[in-house]
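Line by line, the protein sequences are chains A and B.
Residues in the first sequence are numbered from 4 upward in steps of one, following our numbering.
Residues in the second sequence are numbered from 9 upward in steps of one, following our numbering.
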Amino acid sequence: DVKVTQSSRYLVKRTGEKVFLECVQDMDHENMFWYRQDPGLGLRLIYFSYDVKMKEKGDIPEGYSVSREKKERFSLILESASTNQTSMYLCASSPGTVRYNEKLFFGSGTQLSVL
Amino acid sequence: AQSVTQLGSHVSVSEGALVLLRCNYSSSVPPYLFWYVQYPNQGLQLLLKYTTGATLVKGINGFEAEFKKSETSFHLTKPSAHMSDAAEYFCAVSDQAGTALIFGKGTTLSVSS
Numbered sequence: 004d005v006k007v008t009q010s011s012r013y014l015v016k017r018t019g020e021k022v023f024l025e026c027v028q029d030m031d032h033e034n035m036f037w038y039r040q041d042p043g044l045g046l047r048l049i050y051f052s053y054d055v056k057m058k059e060k061g062d063i064p065e066g067y068s069v070s071r072e073k074k075e076r077f078s079l080i081l082e083s084a085s086t087n088q089t090s091m092y093l094c095a096s097s098p099g100t101v102r103y104n105e106k107l108f109f110g111s112g113t114q115l116s117v118l
Numbered sequence: 009a010q011s012v013t014q015l016g017s018h019v020s021v022s023e024g025a026l027v028l029l030r031c032n033y034s035s036s037v038p039p040y041l042f043w044y045v046q047y048p049n050q051g052l053q054l055l056l057k058y059t060t061g062a063t064l065v066k067g068i069n070g071f072e073a074e075f076k077k078s079e080t081s082f083h084l085t086k087p088s089a090h091m092s093d094a095a096e097y098f099c100a101v102s103d104q105a106g107t108a109l110i111f112g113k114g115t116t117l118s119v120s121s
């Protein structure tokens with residue numbers, strides 16, 4: 004089975020801190036994604052990457068950056084955390100494009116609280 | 009632009025009753041459509057997907073969905089609800105490039121005995 008592992012289940016940070024959320028997948032997938040999930044808003048795409056060192060902005064990239072130095076690892080960075088970034092963050096991966104019948108595999112999520 | 013609208017943020021049914029979760033989409037290209045389920049404290053799992061071909065799609069756990077182009081809909085149904093079906097359900101459409109998924113806001117399904 005494909006495994007997408009997010010390093011922390013719960014994280015508490017202070018306003019202004021630099022925050023790193025880590026995600027690792029073990030199936031050599033090309034694509035990796037970061038979504039945030041908020042009650043009543045569903046999942047919103049922050050960034051995705053279709054190859055090492057490649058990245059594309061999603062719908063809500065402001066206040067975030069990403070890093071993909073190795074194929075299996077995709078990091079989400081909050082340069083200066085703010086309270087409105089308190090959310091559940093979900094990482095996902097897929098072996099190819101969605102149009103080619105591939106599905107996304109999701110991690111269990113990181114609940115980030117910014118105080 | 010691609011988008012999905014899920015009608016009803018919360019649906020309640022009795023055990024054994026029909027489950028109907030509604031999803032309408034907007035897409036500038038032929039859509040690829042998905043339903044995902046999220047059980048409490050778990051990640052999202054794929055229930056079913058429509059890409060091309062048969063418009064009635066069967067998924068896991070007895071769920072199915074029908075793609076209706078004329079109605080731009082992809083509603084999820086299950087003939088008989090089970091307590092274990094209580095979860096949050098998300099409808100999604102592929103983006104124009106076919107790389108990422110655009111999700112709806114979700115529908116929470118409650119099942120009472």
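We put the CB at the ideal spot given by N, CA and C, even for glycine.
Since the structure is predicted, the reported quantities are computational estimates derived from the model, not experimental observations.
With glycine 61 of chain A and alanine 108 of chain B assumed to form a contact (beta carbons below 8 Å), what rounded beta-carbon distance in angstroms separates them?
As a first step, residue 61 of chain A is located in the first sequence; it is residue number 58 there, counting from the start. As a first step, residue 108 of chain B is located in the second sequence; it is residue number 100 there, counting from the start. The C-beta distance from glycine 61 of chain A to alanine 108 of chain B rounds to 7 Å, short enough to meet the 8 Å contact threshold.
Simplified DSSP assignment, three categories, for glutamate 65 of chain A:
Residue 65 of chain A sits at position 62 when you count from the first residue of the first sequence. Residue state, collapsed to three classes: coil.
Proximity below 7 Å, CB of glutamine 46 of chain B to CB of glycine 112 of chain B:
Along the second sequence, one-based indexing puts residue 46 of chain B at 38. Along the second sequence, one-based indexing puts residue 112 of chain B at 104. For glutamine 46 of chain B and glycine 112 of chain B, no; Cβs fall outside 7 Å.
So, helix, strand or coil for glycine 70 of chain B, using DSSP?
Reading the second sequence from its first residue, position 62 is the one you call residue 70 of chain B. Assignment of glycine 70 of chain B by DSSP, reduced to helix, strand and coil, places it in the helix class.
Measuring only between beta-carbons, confirm whether phenylalanine 111 of chain B sits less than 7 Å from chain A.
Counting from 1 along the second sequence, the entry for residue 111 of chain B is found at position 103. Interface residue, yes.
Would you please verify whether the beta carbon of leucine 14 of chain A is less than 7 Å from any beta carbon of chain B?
The residue labelled residue 14 of chain A in the question sits at position 11 within the first sequence. Leucine 14 of chain A does not count as touching chain B.
Quick check on lysine 56 of chain A: buried or exposed, where buried means 16 or more other Cβ atoms within 10 Å of its Cβ?
Counting from 1 along the first sequence, the entry for residue 56 of chain A is found at position 53. By the C-beta density criterion, lysine 56 of chain A is exposed, having fewer than 16 other C-beta atoms within 10 angstroms.
Spatial neighbours of threonine 116 of chain B within its chain, please: C-beta separation below 7 Å, excluding the five flanking residues on both sides.
Here residue 116 of chain B refers to the residue found at position 108 when the second sequence is read from its first residue. If we look at threonine 116 of chain B and ignore the five residues flanking it on each side, its Cβ neighbours are Ser17, His18, Glu96.
If the criterion is Cβ atoms closer than 7 Å, does the pair phenylalanine 23 of chain A and alanine 95 of chain A meet it?
Within the first sequence, residue 23 of chain A is the residue found at index 20, counting from 1. Within the first sequence, residue 95 of chain A is the residue found at index 92, counting from 1. Contact flag unset, no.
C-beta contact flag for alanine 89 of chain B and valine 37 of chain B at 7 Å:
The residue given as residue 89 of chain B occupies position 81 in the second sequence. The residue given as residue 37 of chain B occupies position 29 in the second sequence. Not in contact: alanine 89 of chain B and valine 37 of chain B (Cβ atoms no closer than 7 Å).
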